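These notes concern the structure reproduced below.
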Amino acid sequence: MKNENFLAYMNSQIDKYTDGELAEIWKALLRKCRLGDTAAIKLYFELKGKYRTSIDVNTNVPNPYEGLTREQLLQLARENSG
């Protein structure tokens, strides 16, 4: 198993024989997706490059209170608390 030539040959054989099954594998995955299997749906979107685990958040939101003094802010708070 440490012979690189042997490992390369075995990997090429595995690729050769499993590539012929790709269509059936995709069909099986799509069947599971149609049945509502959320793990299959997630896998499908991951494989298609359309699944993201993070969300971009825009933090460049203008501050409507920027420039107000402490007293002005306290006055706004009093007006909005009642």
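Numbering (the numbering used here), first residue to last: 1441 to 1522.
The beta carbon of each residue, even a glycine, is placed where N, CA and C say it ideally should be.
Please read all numbers here as calculations on a predicted model, not as lab measurements.
Can you tell me which of the three DSSP states residue 1461 falls into? coil
Just to confirm, are residue 1480 and residue 1462 a CB contact at a threshold of 8 Å? no
Contact under 8 Å by Cβ, residue 1473 with residue 1491: no
Just the Cα atoms here: how many angstroms apart are residue 1460 and residue 1454? 10 Å
Kindly list the residues whose CB is nearer than 6 Å to the CB of residue 1447, restricted to its own chain and excluding five residues on each side of it in sequence; keep chain order. none
Going by DSSP in three states, residue 1495 sits in which element: helix, strand or coil? coil
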